[in-house]
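Written out below as structure tokens is the structure these notes cover.
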Amino acid sequence: MEPLEKAIRSALDKGNAADSTFREKVYRSAFSALERALASPNIPESTIAVRRTGLQEIITRVESEHRRAAATPGASQTPPPVELSANDRPGDGDPDFRARREPIAPAPRPDAPADEASSFPSSPRVDPSQSERLDEYRIDADLDESTVVGETRAVRRQRRPFAWLLILATVVALAAVAAWWTLGSGLLVPQAERDGAVPNPSPVQDDESFDPAGQTGSSAAPTPLGRARNDPNAVVLFSPEEPGGVTTPGDAVAEVVGEGEQALLRIRSGASGSAVAFNVPQAVLQQLAGRRAVFVVSAQAEEGRPTQISVSCSFGELGDCGRQRYDVTIEQADYIFDVDMPAVQPGADGTITIVSDVSSSGKAVDIYGIRVSVD
1 MEPLEKAIRS
11 ALDKGNAADS
21 TFREKVYRSA
31 FSALERALAS
41 PNIPESTIAV
51 RRTGLQEIIT
61 RVESEHRRAA
71 ATPGASQTPP
81 PVELSANDRP
91 GDGDPDFRAR
101 REPIAPAPRP
111 DAPADEASSF
121 PSSPRVDPSQ
131 SERLDEYRID
141 ADLDESTVVG
151 ETRAVRRQRR
161 PFAWLLILAT
171 VVALAAVAAW
181 WTLGSGLLVP
191 QAERDGAVPN
201 PSPVQDDESF
211 DPAGQTGSSA
221 APTPLGRARN
231 DPNAVVLFSP
241 EEPGGVTTPG
251 DAVAEVVGEG
261 EQALLRIRSG
271 ASGSAVAFNV
281 PQAVLQQLAG
291 RRAVFVVSAQ
301 AEEGRPTQIS
311 VSCSFGELGD
321 CGRQRYDVTI
331 EQADYIFDVD
341 MPAVQPGADG
351 TITIVSDVSS
361 SGKAVDIYGI
371 RVSVD
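The opening residue of the sequence shown carries number 1 in the UniProt record's numbering; numbering runs sequentially from there.
In structure tokens:
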């Protein structure tokens, strides 16, 4: 049973359904509720015609049942046919009703007598001025918009799965893009593998002889020059514990802070931007000739004053390393650069120069050590 038919029958059950006048009130209330619901601009014309025709068929069927019941033996009297006066039919003075599409009267049902189907009015629409009188028995309360346009809303509900599918597809696409970006950016790669400063060196080490006799104050035996940048056998070019070989031209300043393992060299380039120079012994350059040298500068900015440093070097006949820039934070870190040394013999010592603040703002940087190894 359709919701609209159920509402009509429920309204009839609330009163004397054997009374044709009462049934007429119910039918008029049904048409009144239908017209109010169909007045929404969101309902297409095709739906309006279908709902009007459907309501006529329902009323014809319900009225036929009541007439047949009244005509059975034992009935006190046959209720007169329900007729509508001319005033209750669609008024010529109501432009809203004239503008609407007139519904097509349905054909008589096979189970209804021909005289009953022909005698019932086709579309008893109601004048809006009679709405209060037609709602005398609260019949209209069961015929709300959700009832009369239930089929239209059902169609809308059927369309909702497609909207959910579109939302789901969008979410899946966004998740795929996020996964692709995460894999491409290297966020899941371990820190050791995504260190792009220099290629990761081979774990294999070659034993070589190296004579550090050229270093100031050194009397140690020949030491093998390691390959890995963190190799303990890498040659130390500078250590705060032995600050020899440091030059401070102009207004540059270099001072050792702390003692023992806590010692560091704090350098400050000054307003002129003068670089602090660190000596590279000729004996070390001889061992680096014809090979790829990896230099490591261990540094840290002053507390609360991160800075950008520049590193340059001059190795005489072996060339230079260009100019390297690094952003130094308040955490100690290694800043690495590599140089392909030509296969020539150096004629003198070389130097590595560091500017503590490229902006010449007077910021200092702490140097914990400089070392070199071969790759």
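A virtual CB, placed ideally from N, CA and C, is assigned to each residue, including glycine.
On a predicted model such as this, the values are computed, not experimentally measured, just so you know.
Drop a sphere of 10 angstroms on the beta-carbon of residue i, count the other beta-carbons inside from all chains shown, and report buried for 16 or more, exposed for fewer.
| i | result |
| --- | --- |
| residue 359 | exposed |
| residue 6 | exposed |
| residue 174 | exposed |
| residue 366 | buried |
| residue 247 | exposed |
| residue 287 | buried |
| residue 60 | buried |
| residue 345 | exposed |
| residue 45 | exposed |
| residue 162 | exposed |
| residue 168 | exposed |
| residue 40 | exposed |
| residue 55 | buried |
| residue 330 | exposed |
| residue 35 | buried |
| residue 338 | buried |
| residue 63 | buried |
| residue 250 | exposed |
| residue 67 | buried |
| residue 271 | exposed |
| residue 254 | buried |
| residue 4 | buried |
| residue 29 | buried |
| residue 179 | exposed |
| residue 222 | Confidence is the limiting factor: at residue 222 the pLDDT is only 37, short of 50, which leaves the residue's position unreliable and the question unanswerable from this model. |
| residue 307 | buried |
What residue does the beta strand (DSSP E) around residue i start on, and which one ends it?
| i | result |
| --- | --- |
| residue 237 | 235–238 |
| residue 54 | That residue, residue 54, is in no beta strand (DSSP E); its alpha helix (DSSP H) goes 45–70. |
| residue 376 | Not covered by the structure: residue 376. The range shown for the chain is 1 to 375. |
| residue 373 | 364–374 |
| residue 389 | For the chain, the structure presents residues 1 to 375; residue 389 sits outside this window and is missing. |
| residue 188 | Note, residue 188: premise wrong, no beta strand (DSSP E); not H, not E. |
Could you tell me how far apart the beta carbons of residue i and residue j are, in whole angstroms, since I believe they sit closer than 8 Å?
| i | j | result |
| --- | --- | --- |
| residue 252 | residue 274 | 4 Å |
| residue 301 | residue 284 | Residue 301 to residue 284, Cβ: 28 Å. No contact. |
| residue 277 | residue 351 | 5 Å |
| residue 291 | residue 236 | Not confirmed; about 18 Å, so no contact. |
| residue 347 | residue 316 | 6 Å |
| residue 377 | residue 70 | Nothing can be reported for residue 377, as the shown portion of the chain is limited to 1 through 375. |
Enumerate in chain order the residues of its own chain whose CB-to-CB distance from residue i is below 6 Å, with the five nearest sequence positions on each side excluded.
| i | result |
| --- | --- |
| residue 368 | 264 and 298 |
| residue 296 | 229, 334, 336 and 371 |
| residue 12 | 26 |
| residue 311 | 324 and 354 |
| residue 177 | none |
| residue 187 | none |
| residue 240 | 256, 263, 264 and 265 |
| residue 16 | 22 |
| residue 313 | 320, 321 and 352 |
Leaving aside the five residues before and after residue i along the sequence, list all residues of the same chain whose C-beta is less than 7 Å from its C-beta, in chain order.
| i | result |
| --- | --- |
| residue 349 | 279, 280, 281 and 282 |
| residue 364 | 266, 267, 268, 302 and 356 |
| residue 332 | 298, 300 and 368 |
| residue 258 | 264 |
| residue 243 | 256 and 265 |
What residue does the alpha helix (DSSP H) around residue i start on, and which one ends it?
| i | result |
| --- | --- |
| residue 241 | Counting along the chain, residue 241 falls outside any alpha helix (DSSP H), and DSSP gives it neither H nor E. |
| residue 271 | Neither: residue 271 is in no alpha helix (DSSP H) and is coded neither H nor E. |
| residue 3 | 3–13 |
| residue 24 | 20–38 |
Give every residue of the same chain whose Cβ lies closer than 8 Å to the Cβ of residue i, excluding the five residues on either side of it in the sequence, and list them in chain order.
| i | result |
| --- | --- |
| residue 319 | 339, 341 and 342 |
| residue 260 | 241 |
| residue 304 | 330 |
I'd like to know whether the C-beta of residue i is nearer than 8 Å to at least one C-beta of chain E.
| i | result |
| --- | --- |
| residue 26 | Within the model displayed, chain E is absent; a lone protein chain is all it includes. |
**Request:** Return the chain-ordered ranges of every beta strand (DSSP E) run that is complete within the segment 275–349 and spans a minimum of 3 residues.
**Result:** With a minimum length of 3 residues, the continuous beta strand (DSSP E) runs that stay inside the segment 275–349 are 276–280, 292–301, 307–314, 320–328 and 333–340.
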